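Please read the structure below before turning to the comments.
Numbering (my numbering), first residue to last: 303 to 428.
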């Protein structure tokens with residue numbers, strides 16, 4: 303019931319394709335994972351991956367004002383952090399659920415996101 307109220311609040315005020323809704327799906331996936339509900343965890347985590355990826359993509363957004371728009375770099379880092387979390391939990395889920403191919407796929411995504419983020423931070427600091 304508590305999750306339903308949170309989802310309803312976000313979707314009523316912001317919609318289904320927002321970062322907040324993606325974070326709600328991520329949280330629901332984490333809760334399902336900790337409760338030992340792999341099917342629910344997978345559904346919510348995969349939804350979170352899709353929603354967060356779409357919500358954080360500003361590549362085709364030319365109407366955002368420069369005063370309120372997130373810089374491309376800051377947007378990338380934020381997207382990367384959220385997606386890194388999703389990848390980590392999906393890796394954990396698939397490893398527990400005895401799906402080694404999927405676990406490896408998400409481990410590689412997590413490592414790539416981490417390595418890319420480290421490379422960008424190093425480049426930004428030089």
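The beta carbon of each residue, even a glycine, is placed where N, CA and C say it ideally should be. Note that this is a predicted model, so its numbers are computed, not measured.
Would the beta-carbon of residue i fall within 8 Å of that of residue j?
i, j, result
"residue 387", "residue 328", "yes"
"residue 346", "residue 330", "yes"
"residue 415", "residue 385", "yes"
"residue 395", "residue 343", "yes"
"residue 418", "residue 383", "no"
Quick one: what's got a C-beta closer than 8 Å to residue i's C-beta in the same chain, skipping five residues either side?
i, result
"residue 365", "Residue confidence for residue 365 is low, a pLDDT of 41 falling below 50, so the modelled location carries little weight; the figure read from the coordinates is stated next. Closer than 8 Å at Cβ, skipping near neighbours: no residue."
Ordered along the chain, which non-local residues of its own chain (more than five positions away) have a Cβ less than 7 Å from that of residue i?
i, result
"residue 316", "322, 323"
"residue 368", "At residue 368, the pLDDT of 43 sits below 50, so the modelled position is not reliable; the number obtained from the coordinates is stated separately. There are no such residues."
"residue 413", "none"
"residue 313", "323"
Assuming residue i is part of the alpha helix (DSSP H), what are its boundary residues?
i, result
"residue 346", "340–357"
"residue 320", "Taken as a continuous stretch (DSSP letters only), residue 320 belongs to no alpha helix (DSSP H), as it is neither H nor E."
Relative to the C-alpha of residue i, which residue among the options is closest?
i, options, result
"residue 326", "353, 395, 389", "353"
"residue 398", "337, 355, 359", "337"
Under 8 Å by Cβ, that's how I've got residue i and residue j pegged, so tell me the actual separation to the nearest angstrom.
i, j, result
"residue 391", "residue 332", "6 Å"
"residue 408", "residue 393", "4 Å"
Using C-beta distances below 6 Å, list every residue in its chain close to residue i, excluding the 5 sequence neighbours before and after it, in chain order.
i, result
"residue 400", "none"
"residue 411", "389"
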